[in-house]
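A short write-up of the structure that comes next.
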Amino acid sequence: MLLKNYETRCLLCNLSILGASTQPDTFAFRGDLVLEEGDIADASGRRMPPKSVVKQAAVLEQNGKLSMVVGGLIDLATLPLFVENYRADLAPNIKVLFYVENLGKALIVDLDGVNITLLPHYDGGAIWNTLMGDLKLDKDDFKGYSAEDKLLVIQKALAEYSPKLDSLSFPQALGHIVELRREARGPI
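Okay, so the sequence shown: first residue is 18 according to the numbering used here, each after it adds one.
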């Protein structure tokens, strides 16, 4: 299983879900998907926390290939790391949607033959809730499904999701980066 291999290689962190769905040869993951590993921390080879991740990722593996990846990026400039690191594992018809915190405009990017839908996500809130809203799903759509099978519901809705967005090259997309402004949260 590809996702178990990622877990062994410490490419999955903050695991929420990692397991088989009810569909044959289909596995689901929710958590953070590592894009850039942290530096080696000590002589034992342990690593510091990852330098960049796909935050709150929802990933489906079907027949040994990644068929869906949804999640959040803090910086659009880290997008090529996803394609570089996981290119060999992507299914030809993969659906990829990333919410990007420093993106000023929703768009589609073709990066090395992989079509990726990019949507602005300024507040950095819960990706799952934002995704449900964008796909026009509500809690009733998930009733009776296991945690792993809920990703199959997302995949089905994502297959029908086709927003009218500009299709740009990655260098053009970098022109739509905005300054990331984070508000202080918590007690004063």
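Think of the CB as a built atom: it goes at the ideal place given N, C-alpha and C, for glycine as much as any other residue. Just so you know, these numbers come straight off a predicted model, no measurement behind them.
Here P137 carries a strand assignment [DSSP, helix/strand/coil]. In chain order, L191, I194 place their CB closer than 8 angstroms to the CB of A94, counting only its own chain and leaving out the 5 sequence neighbours on each side.
Under the three-state reduction of DSSP, I91 is assigned to coil, being neither helix nor strand. When the five nearest sequence neighbours on each side are left out, the beta carbons in the same chain lying within less than 7 angstroms of the beta carbon of D42 are those of Q79, N80, in order along the chain.
Boundaries around A75 are those of the beta strand (DSSP E), 69-79, since no alpha helix (DSSP H) includes it.
The Cβ atoms of F46 and L28 lie no closer than 8 angstroms to each other. K112 is positioned such that its CB atom lies no closer than 8 angstroms to that of G88. With a cutoff of 8 angstroms on beta-carbon distance, F159 and P97 are scored as not near each other.
About 11 angstroms separates the beta carbons of L114 and L182, which is beyond the 8 angstroms limit, so they are not a contact pair.
Between the alpha carbons of A37 and A108 lies a gap of roughly 18 angstroms.
Counting only runs of 3 or more residues that sit fully inside the segment 160-189, the beta strand (DSSP E) segments are 183-185, in chain order. Sorting S163, V51, V100, A143 by C-alpha distance to the C-alpha of Y116 places A143 at the top.
The shortest CA-to-CA distance from N22 to any of L83, A174, A60 is the one to L83. In the three-state reduction of the DSSP assignment, D158 falls in the helix class, which pools H, G and I.
Burial is judged here by how many other beta carbons sit within 10 angstroms of a residue's own beta carbon; L52 has at least 16 and is buried.
A buried status is given to D49, since no fewer than 16 other beta-carbon atoms sit within 10 Å of its beta-carbon. The beta carbon of P67 is closer than 8 angstroms to those of C30, D49, V51, L52, E53, E54, G55 in its chain, skipping five residues each way along the sequence. Under the criterion of beta carbons closer than 8 angstroms, L185 and V170 do not qualify as touching, at roughly 30 angstroms. One thing to note: A164 has its Cβ within 8 angstroms of the Cβ of I34.
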